[in-house]
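To start, the structure under review is shown below, and the notes come after it.
Laid out in structure tokens, this is it:
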């Protein structure tokens with residue numbers, strides 16, 4: 001290769017190198033600043049193709065999307081001097097690129113740590129002003145809304161970060177307090193169970209006593225009705241017998257004697273009577289004379 005061709009290749013390489021160092025692209029999901037010798041000369045560069053001074057300007061890119069900060073669960077104290085374990089998360093994004101770079105040097109980990117400290121401090125202050133019931137259920141939404149607004153004011157000015165939302169994932173009691181609460185709840189439920197059993201036993205005794213009373217009354221009334229019916233039946237039978245007897249007293253006496261003979265005499269029985277006894281009057285005379 002001739003010296004002229006070699007020189008042309010070197011010049012072409014230098015042109016390509018300078019060109020590549022002069023043009024840069026910012027994506028839609030990025031925010032960027034331009035530095036000259038470490039000093040910010042342009043902040044919040046719009047997405048697109050841009051030109052810079054090669055080997056002098058330095059471009060710093062940051063994620064412009066909504067990011068999630070998942071904080072470490074913290075042990076916080078309520079106004080009632082009860083400890084709770086609060087697990088929370090925050091949604092945030094870069095609002096002011098210049099302030100963000102000055103506060104964090106563009107380090108996302110450092111930004112997360114600073115934001116986590118602010119979130120933890122805000123939660124501690126808000127929970128310290130509320131009771132355990134308010135933290136768990138009563139004023140939880142109000143607490144999150146108020147804390148998000150106060151954090152936004154602080155982080156936008158100090159860190160260039162906008163906090164979009166702050167939520168508590170869980171509020172748990174420490175193990176020692178959880179055991180105490182569980183024991184108290186168990187004792188309370190046991191007391192209620194004993195009370196319900198006592199009330200049920202008392203009600204059962206009342207129902208059983210009323211059932212026994214009703215049983216006695218029903219049996220007495222049934223016996224009364226049965227005796228009345230039996231008496232009426234006996235009276236009706238006596239009336240029928242009397243009516244039948246009055247129609248033919250002789251025949252009635254004859255049939256009664258025959259029945260007496262049948263029931264009295266059986267195989268092997270011996271009966272000693274006087275021959276002139278009335279018992280044999282129908283044997284001596286068909287008319288019983």
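In full-length UniProt numbering, the protein residues as written are 1 to 289.
For glycine and all other residues, C-beta sits at the position ideal for the given N, C-alpha and C.
From the DSSP output, which residues share a beta bridge with residue 39? 36
Determine the contact status of residue 243 and residue 252, defining contact as a CB-CB distance below 8 angstroms. no
If we call anything under 8 angstroms between Cβ atoms a contact, is residue 130 one with residue 186? no
Residue range of the beta strand (DSSP E) that includes residue 48: 48 to 51
Three or more C-beta pairs closer than 8 angstroms, one from the segment 97 to 109 and one from the segment 157 to 175: is that the case here? yes
DSSP-derived helix/strand/coil call for residue 259: helix
For residue 222, count neighbouring Cβ atoms within 10 angstroms of its own Cβ and tell me buried if that reaches 16, exposed if not. exposed
For the candidate residues 135, 54, 118 and 220, whose alpha-carbon lies nearest to that of residue 173? 135
C-alpha distance - residue 120 paired with residue 27, whole-angstrom precision: 33 angstroms
For the structure I just gave you, are there three or more beta carbon pairs, one from the segment 56 to 68 and one from the segment 142 to 153, closer than 8 angstroms? no
Tell whether a beta-carbon distance below 8 angstroms holds between residue 98 and residue 45. no
Just reading off the alpha helix (DSSP H) that residue 45 is part of, what are its end residues? Premise fails: residue 45 is in no alpha helix (DSSP H) and is neither H nor E.
With DSSP as the reference, identify every bridge partner of residue 60, one or two as the case may be. 33
From residue 72 to residue 117, what distance separates their C-alpha atoms? 10 angstroms
I'd like the span of the alpha helix (DSSP H) that includes residue 141, first residue to last. 140 to 158
Taking buried to mean at least 16 other C-beta atoms within 10 Å of its own C-beta, is residue 96 buried or exposed? buried
Thinking C-alpha only, which one of 24, 196 and 164 is nearest residue 65? 164
Cutting at 7 angstroms between CB atoms, please list the residues of its own chain near residue 36, excluding the five before and the five after it. 56 and 57
Contact belief for residue 167 with residue 88 at Cβ below 8 angstroms, rounded distance in angstroms: 6 angstroms
When you compare the CB positions of residue 84 and residue 171, do they come within less than 8 angstroms of one another, or not? yes
Would residue 115 and residue 126 be called neighbours here (beta carbons separated by less than 8 angstroms)? no
Less than 8 angstroms separating the beta-carbons of residue 69 and residue 124? no
Taking only three categories from DSSP, how would you classify residue 134? helix
With a threshold of 8 angstroms on Cβ separation, who are the neighbours of residue 42 within its own chain once the five nearest residues in sequence on each side are excluded? 33 and 34
Could you please give the first and the last residue of the uninterrupted beta strand (DSSP E) stretch that includes residue 173? Unbroken run through residue 173: none, as it is neither H nor E.
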